[in-house]
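Heads up, the thing below is written out as structure tokens.
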Amino acid sequence: MPEHLPVLIIALLLGTSFLLPLLARWGKNYMFPLTAFSMSAALVLSLYLVYHVGQGGAFSYYLGGWPPPWGIELYVDSLGAYMLVVLTSIGLPVIVFASRDIHHDVREEVVGWYYTLYLLLIGSMMGIALTNDLFNLFVFVEISAIAACGIISIKEDRKCIEASFKYLILSALGSGCLLLAIAMIYMITGYLNYDYVAATITGALNLYPYNVLIALSLIIVSFGVKSALFPLHVWLPDAHSSAPSPSSAVLSGLVIKIYAVALVKLLFRVFPLSLYEVIPLLDLVLFLSVLAVLFGSIFAMVQEDIKRMLAYSSIAQIGYVFMGIGLFGERALVGGLLHIFNHAMMKSMLFLAAGMIIYATGIRRISDLKGIGVRMPLTMGAFTIGAFAMVGIPGTSGFISKWFLALGALDLGRPFYVVVILLSSLLNGIYYFPIVVNAFFGIKIEPHSEHKDVPAAMLIPILLLAAGVIFFGFFPGPLLELVERAITL
Amino acid sequence: MEIIERLLANYYYFVAMVLFIIGFHTMLTHSNLIKKVIGLNIMDTSIFLFFVAIGYVYEGRAPIILDQGGEHIYVNPLPSALILTGIVVAVSLTAYALSLIVKLYEHYGTCNADEIALICSQEDS
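Line order of the protein sequences matches chains A and B. Using this note's numbering, you'd call the opening residue of the first sequence number 1 and step up by one each time. Using this note's numbering, you'd call the opening residue of the second sequence number 490 and step up by one each time.
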């Protein structure tokens, strides 16, 4: 049974997503329970996969029974299993939140399609995390690109449509670069399977160095655009701020990270590591990540819209993940990969909290948030926890990943990056703390007495995620163990 | 001279790259949204051309085995099969992008990205 699980999880989500439009016609009330059921089932199965991989080590699944190099191979290692858990454990609370929130953003007729797109997105991201085949990677990347644009443009607001068009064009550009890179690799190795490519690429590198270099740079550009690495981030603020709140949560929390994971897999498993001693690729990634960390925060400071500020903050936070990749030391990489889960948790929680405030009061401007903490204490309390985690206060999960990044930088004898991390934490504080202080202690300018009641289905996911941020701040042990196994690749 | 000889020998790769750059450039620099989509298609097509060209074997024939005996050279069928998937993906991307353009035209009354940005900035201020 466990050997079939990797494909079953993906097939479960994709299958459910195709079933939902049918239900939208005949059984509207069953749409959300079915979605929630398949997400929970995926969560349970992913947790079981983590356990299984921990016990028996990594294993492969051959689609259709065709062994590589002919067939497509799904490869479940600790990194893949870790990403499955990240995707499902964040995806489930977000869709529970969406079940109530989405109705005020989206026309009633298309609510069913929202669930379809959401499951497609999560399923395709799982495929990216597990696949061991270059062309299969491309197909999953394209599915997730279209689904990700879809959950933005489903809110038929003019800003959303414009933002999702911009996102679509840039991510199509990224996919094009990826396909060209795959062509370059296939041209010189004759394989698409990661392991077979890795075995033959060293020989090919001596014969055709330019092909490998072009492929490498195209892959960096492609995943850089898709995961919003600093100078390639232009699409992100519009897309993430105008989308419906649950979409913003999943886009900022999960979608930009999964491409970083795909990049890690390609860089460290497919291309020979000795290559990075010759070409300064990792230094380039490191340089861009430093720019991302600093400029993302600086841009975030001047924003007036709360969701836009959170979107810019995501650009800074994805910088930490890339910093872990660029430093390429053991502990730095642990910090970077750990930050994927930690940031996914806190940023999706912050977006949901912001969405909750917008749902209940309609306030989007940061300066109007004065006194909101008195009226919505639980939501704002969760927001405060998220803000502390973003800054990296000890006792929150954000601290752990920054701590490991800093230790990793010291291991490699590069204390400059510790300074960068400290500086960016200060910058985070500059734009997160005023919101929190104003929300709780600010004087109300005008008493908005009328605001909608907060449904429990929206509050519980936020509180769960907030509890997770605190829990993994105090007990990072099991998570750390998993990530440490993941970086052995 | 050697470079020119190599280019002539592999002119289809060269043409694919030229098309790729044309598409890339059109997609990023044109302000007309329809032209952006056209650029996207040119770029994708150039990659398809490149990919299929990789699989071609000189004087090879379609890889269909008939019981006629005799040794034949066959072209590599894998790139063509992959590109079939690639074409499907490109078509759906194009359809989605065009439908977004229709919506944008309904909302803004223009297909020009600069004008849309102008309208947006006027709204904000």
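Just so it is clear, CB atoms sit at the ideal spot from N, CA and C, and this is done for glycine as well.
One question on the structure: do residue i and residue j come within less than 8 angstroms of each other, judged by their Cβ atoms?
i	j	result
ASP238 of chain A	ALA172 of chain A	no
PRO69 of chain A	TYR191 of chain A	yes
PRO455 of chain A	GLY355 of chain A	no
THR396 of chain A	PHE404 of chain A	no
LEU522 of chain B	LEU593 of chain B	yes
TYR118 of chain A	ILE146 of chain A	no
GLY174 of chain A	VAL225 of chain A	yes
GLY329 of chain A	GLY408 of chain A	yes
LEU607 of chain B	VAL526 of chain B	no
LEU236 of chain A	MET349 of chain A	no
TYR432 of chain A	MET390 of chain A	yes
PHE135 of chain A	SER124 of chain A	no
LEU168 of chain A	LEU589 of chain B	yes
ASN530 of chain B	THR574 of chain B	no
LEU87 of chain A	ILE122 of chain A	yes
ALA406 of chain A	ILE340 of chain A	no
VAL546 of chain B	ILE562 of chain B	yes
TYR502 of chain B	PHE539 of chain B	yes
LEU22 of chain A	TYR30 of chain A	no
Taking only beta-carbon atoms, is residue i less than 8 angstroms away from chain B?
i	result
LEU328 of chain A	Going by the sequence as given, residue 328 of chain A is Phe instead of Leu. It does not; no Cβ of chain B falls within 8 angstroms.
ILE146 of chain A	yes
LEU158 of chain A	Note on identity: in this sequence residue 158 of chain A is Arg, with Leu being the wrong assignment. Yes, its Cβ sits closer than 8 angstroms to a Cβ of chain B.
LEU173 of chain A	yes
PHE223 of chain A	no
VAL261 of chain A	no
ILE169 of chain A	yes
GLU162 of chain A	yes
SER153 of chain A	yes
GLU573 of chain A	This structure leaves residue 573 of chain A out entirely; chain A is present only between 1 and 489.
PHE165 of chain A	yes
PHE135 of chain A	yes
VAL255 of chain A	no
VAL506 of chain A	For chain A, the structure presents residues 1 to 489; residue 506 of chain A sits outside this window and is missing.
Is there a C-beta anywhere in chain A that falls below 8 angstroms from the one on residue i?
i	result
ALA586 of chain B	yes
TYR597 of chain B	yes
LEU573 of chain B	no
PHE503 of chain B	no
MET490 of chain B	no
ILE510 of chain B	no
VAL580 of chain B	no
LEU607 of chain B	no
LEU496 of chain B	no
ILE529 of chain B	At residue 529 of chain B the sequence reads Leu, which differs from the Ile that was named. Yes, contact with chain A.
LEU620 of chain B	Lying before the first or after the last residue shown, residue 620 of chain B is absent from chain B, which here runs from 490 to 614.
Between residue i and residue j, which are expected to be in contact by the criterion C-beta below 8 angstroms, what is the C-beta distance as a whole number of angstroms?
i	j	result
GLY493 of chain A	MET323 of chain A	The structure shown does not extend to residue 493 of chain A, since chain A is modelled only from 1 through 489, so no value can be given for it.
PHE487 of chain B	ILE572 of chain B	The structure shown does not extend to residue 487 of chain B, since chain B is modelled only from 490 to 614, so the question has no answer here.
SER227 of chain A	TYR320 of chain A	Their Cβ separation, rounded to whole angstroms, is 12 angstroms, which puts SER227 of chain A and TYR320 of chain A out of contact at 8 angstroms.
LEU63 of chain A	LEU5 of chain A	Not confirmed; about 13 angstroms, so no contact.
THR16 of chain A	SER38 of chain A	4 angstroms
ASN438 of chain A	SER297 of chain A	Not quite, the Cβ-Cβ distance comes to about 19 angstroms (not below 8 angstroms), so this is no contact.
LEU369 of chain A	ILE487 of chain A	Going by Cβ atoms, the distance from LEU369 of chain A to ILE487 of chain A rounds to 40 angstroms, so no, they are not a contact pair.
ALA353 of chain A	PHE383 of chain A	4 angstroms
VAL469 of chain A	GLY386 of chain A	7 angstroms
ALA505 of chain B	SER535 of chain B	5 angstroms
CYS160 of chain A	ALA243 of chain A	6 angstroms
Going along the segment 176-209 of chain A in order, which residues come within less than 7 angstroms of chain B, judged by CB to CB distance?
-> GLY176, LEU179, LEU180, ALA183, TYR186 and MET187
Proximal residues, the segment 531-542 of chain B versus chain A, C-beta separation under 7 angstroms | MET532, ASP533, ILE536, PHE539 and PHE540
Taking 8 angstroms as the threshold, find out whether the segment 46-55 of chain A comes into contact with the segment 101-113 of chain A through three or more Cβ pairs.
-> no
The segment 405-418 of chain A contacting the segment 474-487 of chain A, beta-carbon criterion three pairs below 8 angstroms | no
Do the segment 182-202 of chain A and the segment 250-258 of chain A touch if we need at least three Cβ pairs shorter than 8 angstroms?
-> no
Do the segment 112-129 of chain A and the segment 551-568 of chain B make contact, defined as three or more Cβ pairs closer than 8 angstroms?
-> no
Given 8 angstroms as the limit, is there contact between the segment 297-312 of chain A and the segment 372-380 of chain A, that is, 3 or more CB pairs closer than that?
-> no
Inter-stretch contact (C-beta, 8 angstroms, three-pair minimum) for the segment 289-300 of chain A and the segment 352-371 of chain A = no
With 9 angstroms as the C-beta to C-beta threshold (strictly closer), list the residues of the segment 513-526 of chain B near chain A in chain order.
-> PHE513, MET516, LEU517, LEU522, LYS525 and VAL526
Would you check if there are 3 or more beta carbon pairs closer than 8 angstroms linking the segment 78-87 of chain A to the segment 29-36 of chain A?
-> no
Specify whether the segment 264-283 of chain A and the segment 196-207 of chain A touch according to this definition: at least 3 beta carbon pairs, one from each stretch, less than 8 angstroms apart.
-> yes
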